[in-house]
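*Asks:* Got a structure for you, questions after.
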Amino acid sequence: SCVATLPSERFLAVAVLVIGLATHILGSEPQLSLPGTLRLRGVRLDRAETMSAKSEKMNQLLFKSLSTEVSLQDLPVTGALPKWLKGTLVRNGPALFEIGEETFSHWFDGQAMLHSFAFDGLGKVSYENKLLDTANLRAHRAAGKIAVNEFVSGPKKNIFQRIMGVFQDEPPYENANVNVAKAGGKFVAMTEVPGWIEFEVPSMRTKGKIAFDDALEKGQMCSAHPLSTPEGDLISMVTCFGKDHHYLLFRIKPDASPEASPGK
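Numbering (my numbering), first residue to last: 619 to 882.
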């Protein structure tokens, strides 16, 4: 339900446009010396390296695909887990960065994967991961190439196709690779656009897109980091662009029951 509407700052859009144009025109990254040495998962970053070199090494890690789905029981544990630790920790993030011979160009474009760590309360932990079964992933795999627009990457088009694309509706965006939450008693994966994807715990099976029946569906951007109240309410925000830009704040009660639409 909508609880408030706030006017957007129009100068923000202008600032983003100016920064984008400046970056495009300059076409280079600022060369910054690192103040020391950093180790990141075995990658050594020395003082003399520039920011570009640092970014290249980090990209090798960030854009490494994980396509294998596994279910592992009784993982080796270094040290000891508290006996009282019982439950399931679920996270998500980008995992698949190649479709056929094509590669996504932005980290947010990686296809979403769910990761589950189950603690049995006896000091043992198991792990399971599954790619989120979304319309985006199905379209890419069916075409054997990048078939729909992601956060940055998109299908290769000639100038005529790009012009015509302005007048065509985009298919629903479902690559929810940013965050997970519990909304109205349902587990959902989220990204920065409206459209949450419901999944099951502990099976990690994707159930489908949550369908909202109000103005939330009309927004173009949505926070993937909702706030939770002590009462169990979930509060978030949708940004709506148009003649009159505005933010739309909404609240989901813990007893609400948004329904998933499998395959949509």
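Every residue gets a Cβ at the ideal spot worked out from N, C-alpha and C, and that includes glycine. Since the structure is predicted, the reported quantities are computational estimates derived from the model, not experimental observations.
Could you tell me the distance, in whole angstroms, from the CA atom of Leu679 to the CA atom of Phe715?
*Replies:* Walking along the sequence shown from the start, residue 679 turns up at place 61. Walking along the sequence shown from the start, residue 715 turns up at place 97. Each residue's Cα considered, the two are about 12 Å apart.
*Asks:* Taking the alpha-carbon positions, what's the Val688 to Asn793 distance?
*Replies:* Within the sequence shown, the letter at position 70 stands for residue 688. Within the sequence shown, the letter at position 175 stands for residue 793. Computed Cα separation, rounded: 21 Å.
*Asks:* Which residues mark the beginning and the end of the alpha helix (DSSP H) in which Leu714 is found?
*Replies:* If you number the sequence shown from 1, residue 714 lands on position 96. It is not in any alpha helix (DSSP H) - Leu714 instead sits in the beta strand (DSSP E) that spans Lys704 to Leu714.
*Asks:* Buried or exposed: Asn677, going by 16 or more other Cβ atoms within 10 Å of its Cβ?
*Replies:* Against the sequence shown, residue 677 aligns to sequence position 59. It counts as exposed.
*Asks:* Counting along the chain, where does the beta strand (DSSP E) carrying Ala807 start and finish?
*Replies:* Locating residue 807 in the sequence shown gives position 189, where the first residue counts as 1. Per DSSP, Ala807 belongs to the beta strand (DSSP E) from Lys804 to Met808.
*Asks:* List the endpoints of the continuous beta strand (DSSP E) containing His864.
*Replies:* Here residue 864 is taken as the residue at index 246 of the sequence shown, counted from 1. Its beta strand (DSSP E) spans residues His864 to Ile870.
*Asks:* Tell me where the alpha helix (DSSP H) around His758 begins and ends.
*Replies:* Taking the sequence shown and counting its residues from 1, the one referred to as residue 758 is at position 140. Taken as a continuous stretch (DSSP letters only), the alpha helix (DSSP H) holding His758 covers Ala753 to Ala761.
*Asks:* So is Cys840 buried or exposed if we call it buried at 16+ other beta carbons inside 10 Å?
*Replies:* Within the sequence shown, the letter at position 222 stands for residue 840. Buried, since its Cβ has 16 or more Cβ neighbours within 10 Å.
*Asks:* If you check the beta carbons only, do Asn795 and Phe726 fall under 8 Å apart?
*Replies:* Taking the first residue of the sequence shown as position 1, residue 795 is located at position 177. Taking the first residue of the sequence shown as position 1, residue 726 is located at position 108. Yes.
*Asks:* Is it buried or exposed for Phe805, if we count other Cβ within 10 angstroms and need 16 for buried?
*Replies:* Numbered from 1 along the sequence shown, position 187 holds the residue referred to as residue 805. Classification of Phe805: buried, given that the 10 Å Cβ count is 16 or more.
*Asks:* Counting only the same chain and skipping the five closest in sequence on each side, list residues whose C-beta sits under 7 Å from that of Gly728.
*Replies:* Position 110 of the sequence shown, counting from 1, holds the residue named residue 728. If we look at Gly728 and ignore the five residues flanking it on each side, its Cβ neighbours are Pro712, Ala713, Leu714, Phe715, Phe722 and Asn795.
*Asks:* Between the C-alpha atoms of Phe859 and Glu719, what's the straight-line distance to the nearest angstrom?
*Replies:* Taking the sequence shown and counting its residues from 1, the one referred to as residue 859 is at position 241. Taking the sequence shown and counting its residues from 1, the one referred to as residue 719 is at position 101. About 35 Å.
*Asks:* Could you tell me the distance, in whole angstroms, from the CA atom of Pro773 to the CA atom of Met822?
*Replies:* Stepping through the sequence shown from its first residue, residue 773 is reached at position 155. Stepping through the sequence shown from its first residue, residue 822 is reached at position 204. For Pro773 and Met822, the distance between alpha carbons rounds to 29 Å.
*Asks:* Secondary structure at Asp851, three-state DSSP: helix, strand or coil?
*Replies:* Taking the sequence shown and counting its residues from 1, one reaches residue 851 at position 233. Three-state DSSP puts Asp851 in coil, outside helix and strand.
*Asks:* So, with DSSP's three-state summary, where would you put Asn747?
*Replies:* Translated into positions along the sequence shown, residue 747 becomes position 129. The answer is strand: DSSP assigns Asn747 an E or B state.
*Asks:* Among Pro848, Lys861 and Ile870, whose alpha-carbon lies nearest the alpha-carbon of Met855?
*Replies:* By one-based count along the sequence shown, residue 855 stands at place 237. The residue with the shortest Cα to Cα distance from Met855 is Ile870.
*Asks:* Hey, Gly803 and Pro872 are a contact pair by Cβ (cut 8 Å); roughly how many whole angstroms apart?
*Replies:* By one-based count along the sequence shown, residue 803 stands at place 185. By one-based count along the sequence shown, residue 872 stands at place 254. With a Cβ gap of about 7 Å, Gly803 and Pro872 count as contacting.
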